[in-house]
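Start counting the sequence shown at 1; every next residue gets the next number (the UniProt record's numbering).
Ideal Cβ positions, reconstructed from N, Cα and C, are used throughout, including at glycine.
Below: one structure, written as structure tokens.
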Amino acid sequence: MKSHKLFTGVALVGFGIYFLLKVLKITPFESFYSWPTLLIIVGLAFLFQGFLGKDYSSILPGVILTGFGLHFHLVNKLAIWPNDTGTFLLIIALGFILFHQKAGSGLMNGVLFLLLAGFLLFYEDIIDSITFIQVGQETLKFLTPLLFLLIGGYFLLSKRK
């Protein structure tokens, strides 16, 4: 069993800095006194545990929590940052790909989430470029959740090796 001292230490130091800056009311950091910052702190603690502590199972939750926290901070600050469901899938895909680099598994999940994220992020462009399909927009919007259900069902019901 791996020691979680690194996770605990980074999380406590992060929370300590967060609360100290909040008590001191340092103006440049006022927009960071919110719950997305807490997600980032916990996510960074997982990433430290995953990479420095060689507990590779901590990489995926670390990337997801850090990524979601960054997303919620950046979505209202950067005009180019996408506010779309595909962004969350892209963050999850990044987590699986980074996990694969260290653990050697999860690449297929990462690629699948990456493809689904790309599909959702560029949905309108993809639909507009498929002019030869004579199906209405509403039908295609109905088919997208079915695609997710079918792929998810396949993974849940397929035989394991």
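Please state the DSSP three-state secondary structure of residue i.
i, result
"Trp35", "helix"
"Phe46", "helix"
"His4", "coil"
"Asn109", "helix"
"Ser158", "coil"
"Gly14", "helix"
"Val75", "coil"
"Lys22", "helix"
"Gly153", "helix"
"Lys141", "helix"
"Phe99", "helix"
Which whole-angstrom value describes the C-beta separation of residue i and residue j, a residue pair presumed to lie in contact below a C-beta threshold of 8 angstroms?
i, j, result
"Leu21", "Phe15", "The Cβ separation is near 11 angstroms, so there is no contact."
"Ala117", "Ala93", "6 angstroms"
"Ile59", "Lys25", "No, Ile59 and Lys25 are not in contact; Cβ-Cβ is about 35 angstroms, not under 8 angstroms."
"Val23", "Ala45", "Rounded, the Cβ-Cβ distance is 21 angstroms, inconsistent with contact."
Beta carbon of residue i, beta carbon of residue j: below 7 angstroms?
i, j, result
"Gly106", "Phe96", "yes"
"Phe99", "Gln49", "no"
"Leu74", "Gly62", "no"
"Phe113", "Leu89", "yes"
"Leu120", "Gly86", "yes"
State yes or no: is the C-beta of residue i nearer than 6 angstroms to some heavy atom of the ligand FAD?
i, result
"Pro61", "Absent from the structure shown: the ligand FAD. Ligands present: none."
Is it buried or exposed, residue i, if we count other Cβ atoms within 10 angstroms and call 16 or more buried?
i, result
"Gly43", "buried"
"Leu150", "exposed"
"Ile64", "buried"
"residue 166", "What the structure shows of the chain is the stretch from 1 to 161, and residue 166 is not part of that stretch, so it cannot be assessed."
**Prompt:** Do three or more CB pairs link the region 61-70 to the region 36-50 at distances below 8 angstroms?
**Reply:** yes
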